[in-house]
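Contents: one structure, followed by commentary.
Protein chains in written order, with this note's numbering: chain A, 107 to 452; chain B, 107 to 452; chain C, 107 to 452; chain D, 107 to 452.
What follows is the structure, encoded as structure tokens:
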């Protein structure tokens, strides 16, 4: 597959500066499991971005970040309130339930974003032993539909959680894309807005592997190292995760990459919105474009550019851009799309 | 830390040929989660080494490989019989119990190797509902003490397992070092000897990350992909694991690396055995040297070369060699050891 | 509390014939855990009612019956499809997820009954490792809203399940009440209709404690005894569960009790339906009456007769009748209700 | 089986006063799940015996009591230190691991009793993320071998636990028998000695079903009601457990029953100790006699009196007495034993 795909931002490769960092740290022996200078340095860099009190823990991947992050927040009889479309609910093969033993209570939304009014009815469960006890609210930023919670929305959910003895978890697999959209520093809409635990992803924005669990709630920090190991997420050669994140957080690489991806999604959305037969279904705020397309074109288009159908019943598809998507890529893709539309709809 | 350490083979870096492979595969977009040409090619390479029927599944790390491999073999009321010193029992923070819910039944050994006579008494548990039901025997090859099961020993344990409706799991985090010691191809003492599921490691022998779960028992194969994802071990950018293993299994890189590590352990053992105050406690068959040393020297030696104490009560320490350990490294280490012995024991 | 309550059928006591049976079996020593003549005899009685091939396993309670019954049907990455209102989803404090590690996928219904059209969309998950795999459909008969699946509806769900490699679980906490409504023998709408595993309850219909897990699918039988013990549901003095069920299944005690409870619910529904301010919300097919009432009367009525609010937002309440509810009880309750309505709505 | 057995104290029936209490409470309706006067009264009675601050929670059985009691004490990465012979380790089909996900670390003992010196080596695990963290010490009082911890021994283990941030769990399935041996009130060697959570059994001493989890550590109390329900141990018709315990704790019924059982074990031990071919292997402190017998007699004796072999390899058997064992029962059993010895050993 030589063409750059619009299937997922994880179809892209590793950013050259990240690859460089991997090579540069490949010198000599260092102690395993994080007791090395690369890891220590990168932890400081994270604290710079998220606040001095941040607990920084590298893990292997996004599912592992979410599941171990939730585990440290939950008692066994507590439940997680999340959107029906949340990655933790739909795309992790039940890993949260399997590992934590806790229930996810799902809430139907139009755009992947939870509202306070949807959370309130679950308060009636509190105190009754027959019901699981809502203990964590989990939001995805940006959501799985590419939409972004505003700073105000996050603050309100965090306050609601804390007022009701719950904690706030944020799945930030694509956090950089949200930061670019909000034009805010990371800490403004995470640690400072009341998030307790954050999954901070990089793989979808130019890293090879590795994710960070950032724990802002200090009471939760001491236990996490055990949960990370027990959750099969402790890498022995930790420097190779740390070095990637160091590159990522240096010279705004994270921002440049996310800006490019977001901009290309805007471009794609703009061009696609001019096509009558296609209807964009979600505000394009980050690097995904969701659209309803004529069913007949899905297969032929996919033969040329692999992508995922989001909602089979509605012929809704998802097109993702990446840090390395170019204007030319978008133009070629749209040209292909138009050609196929023409061929299949007459 | 500029000196090469004798703490663990995971303190070493990535072999240059592996790093090269990572860079070479970093071209363009490919589909995620393993549906890419690198992964497909490397799976074929594994089948060449382990047999055509082998199910090949890449995961993130060794604990994840062991736990997901055990999960696919176990019903919830079954137990794993393993040595008390097994990595799954001692060094995985309870991940096997947490994820599978199953009990580990541990057996005390002198050298990390299980014997049939030690397994037989557990057969009396079969059929009684009050007891967990032994379902899997797990052996480590080479063991955590660096000792190696002979082909005959593996065959006998496999037969014993299968005759009693159990399955055989092998933790092969350092399998290459065992293969070099046995001077046998991988398949001879794994798939062909009756192993059902194997954790095949590379990180301790020159890889950056990634491990393979090899499933020889075909009945277990269909479920594994779900267990891998649920076990938080499915990497999205799979090509970067595959490419490493491709390099590892090409031109005998795995063998050259293991030969060097094993040879350096022999050299170290030989030199250390000449020192009166030090007593080697295990046969040196792979890349670890276990020795009882005068307690007074542990701390000063560790200040110069980090390493782990294996058994605090006995002042037993573990020194590991790596693929990149040189004769000069060994000589320097032994010289330091002698100097410290002289300083602290007079 | 001297008045008979309309809160729940578990507020009633033990039927005198059951109490008698408990006393009669209290003679001498018998072997524990079910290897006694009472248990053997009662198992035969169950086989008479449900078919010769039925596996009969006594457990302590309804939650335990459901959870262990589901456990034997599920692989760890599989999910249970059930109604949002299912007892396993709402009222077991997350026991199914905690014990099995599996996800419940909930479906919104108006009357607690699942329809094939609601199940079909979940078939698209099959085969994709990112998603849990639907493995079990769980229905409650009668449902938590007192409604009853027809024989034809059960058959269709069973066929759908089996055609798609799923299994059918039935929560029959009040199965006798459904049997009376359907006017069918137990086996007709359970084992013979395609149910794989049934929770058969008695506590809500005159027993003191104890429930039976009936396994019609013979492949699932051998493992269950271990799961029962591991699920903390194996009673040592088993004769005291067996003797109760023997009385229950003898001389149609189960039927007489359920007939009385159902008839009293009909009477209550009829009388209540004449009251303008009250709206019955579900067909009254078994022993529960669901009704929307003026919010103001809930507390004063509850002070005289304890009962549960089903849906706080809608002022929907649940009134249950029991095997020992009399016509006079219903009349007194309705009189109280009318008095309070009069006092509070003027 | 007309003869009273020496197999287990759970082969006995229900004490007549307990049966009486069950009948007396079988009047009218009461609210379910413990909000009834019987339960409230019995909770007060427990507080009288164990201290005002005691949290009292009824559950169905002994395994459920142990597992839910442990669950409330454990974080997921913590482990339980217990004797190899502990019921939780040997006879609960892995329920503790399955439900809590935590590891049991077992310690070999000669008499079922843990010593501080055996616990100390596990302290080295604390703080290392590769190892599970010892969080609970679980002792059985009396032990599974019938031996009894002295008050001083319990206090020392409790202090050791608390000094090292662990908690102390006691499995008191036969606590009354220990109390009689120690000639101490319950609270002296439980709540006041530093036990955090106690499983208080009655079924082996004349009850029909039901066990109590007593939580002395007040920090652990608020969560337990959820864990009990999630652990499938919340009985709806709670009065029938409460009424039994009320009878049990009234007029010293618990003590009279245990005195009889203990006295009969003494008698049996005395008579058996006079037989040359039989060797008693444990001090007889409660209601069990452990003895090594000639292997040839096990089967013929078992054909007349069912009992369990404790250690097959050593021909060690266990004979238990019950609250209803009489001197005549013992004499008959010993006569039978002697007859068989004579017949089979010549």
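Beta carbons are placed, not taken as given, at the ideal position from N, Cα and C, and that holds for glycine.
Partners in chain D for residue i, counting only beta-carbon separations shorter than 8 Å
i, result
"residue 415 of chain C", "Here the premise fails: no neighbours, minimum Cβ distance about 15 Å."
"residue 309 of chain C", "342, 343"
Residue i to residue j span [Cα, whole Å]
i, j, result
"residue 289 of chain B", "residue 185 of chain D", "40 Å"
"residue 314 of chain A", "residue 124 of chain A", "8 Å"
"residue 355 of chain A", "residue 155 of chain A", "8 Å"
"residue 429 of chain D", "residue 311 of chain D", "6 Å"
"residue 425 of chain B", "residue 211 of chain A", "50 Å"
"residue 107 of chain C", "residue 431 of chain C", "In this prediction, residue 107 of chain C has a pLDDT of 45, which is less than 50 and means its spatial position is unreliable; what the coordinates show is noted afterwards. Residue 107 of chain C and residue 431 of chain C: Cα-Cα distance of roughly 15 Å."
"residue 114 of chain A", "residue 228 of chain C", "23 Å"
"residue 442 of chain A", "residue 413 of chain A", "14 Å"
"residue 195 of chain D", "residue 403 of chain D", "29 Å"
"residue 193 of chain B", "residue 251 of chain D", "32 Å"
"residue 143 of chain B", "residue 166 of chain A", "23 Å"
"residue 249 of chain A", "residue 208 of chain C", "25 Å"
"residue 335 of chain D", "residue 169 of chain C", "8 Å"
"residue 439 of chain A", "residue 323 of chain C", "53 Å"
Below-8 Å beta-carbon distance, residue i vs any chain C residue
i, result
"residue 144 of chain B", "no"
"residue 228 of chain B", "no"
"residue 420 of chain A", "no"
Proximity test, Cβ basis, 8 Å: residue i and chain D
i, result
"residue 60 of chain B", "This structure cannot settle anything about residue 60 of chain B, because the visible part of chain B is limited to 107 through 452."
"residue 379 of chain C", "no"
"residue 354 of chain A", "no"
"residue 208 of chain B", "yes"
Nearest candidate by alpha-carbon position, reference residue i, set the options
i, options, result
"residue 327 of chain D", "D:302, D:141, D:339", "D:302"
"residue 399 of chain C", "C:390, C:410, C:416", "C:416"
"residue 269 of chain C", "C:241, C:413, C:280, C:358", "C:241"
"residue 345 of chain B", "B:365, B:146, B:222", "B:146"
"residue 203 of chain B", "B:229, B:172, B:228", "B:172"
"residue 401 of chain A", "A:450, A:365, A:256, A:274", "A:450"
"residue 218 of chain A", "A:391, A:435, A:427", "A:391"
Where residue i meets chain A, residues with beta-carbon distance less than 7 Å
i, result
"residue 191 of chain C", "Those do not exist, as residue 191 of chain C stays about 13 Å from chain A at its closest Cβ, beyond 7 Å."
Interface partners of residue i on chain A, CB under 8 Å
i, result
"residue 439 of chain C", "Within chain A, no residue comes near residue 439 of chain C; the closest Cβ sits about 24 Å away, beyond 8 Å."
"residue 196 of chain C", "236, 237"
is_contact[residue i, chain B] using C-beta, thresh 8 Å
i, result
"residue 60 of chain C", "The structure shown does not extend to residue 60 of chain C, since chain C spans only 107 to 452, so no value can be given for it."
"residue 235 of chain C", "yes"
"residue 111 of chain A", "yes"
"residue 129 of chain C", "no"
Contacts that residue i makes with chain B (C-beta to C-beta distance below 7 Å)
i, result
"residue 199 of chain D", "183, 235, 236, 237, 238"
Interface residues of chain A facing residue i [CB-CB closer than 9 Å]
i, result
"residue 218 of chain C", "Neighbours of residue 218 of chain C on chain A: none; closest Cβ ~17 Å, over 9 Å."
The ligand NAD heavy atom lying under 7 Å from the CB of residue i
i, result
"residue 278 of chain A", "With respect to small molecules bound, the structure shown includes none, and the ligand NAD cannot be examined in it."
Below-8 Å beta-carbon distance, residue i vs any chain A residue
i, result
"residue 137 of chain B", "yes"
"residue 114 of chain B", "yes"
Contacts that residue i makes with chain D (C-beta to C-beta distance below 9 Å)
i, result
"residue 205 of chain C", "204, 205, 336, 337, 338"
Under 7 Å by beta carbon: chain C residues contacting residue i
i, result
"residue 367 of chain D", "In chain order: nothing, as chain C lies at least about 13 Å away."
- Query: Any residues in the segment 324 to 353 of chain A with a beta carbon nearer than 8 Å to a beta carbon of chain D? Which ones, in chain order?
  - Reply: 329, 331, 332, 333, 334, 335, 336, 340
- Contact set between the segment 153 to 179 of chain C and chain D, restricted to residues whose Cβ is under 7 Å from the partner: 166, 167, 169, 170, 173
- Listed from N- to C-terminal order along the chain, which residues in the segment 285 to 315 of chain B have their beta-carbon within a distance smaller than 7 Å of any beta-carbon of chain A? 309, 314, 315
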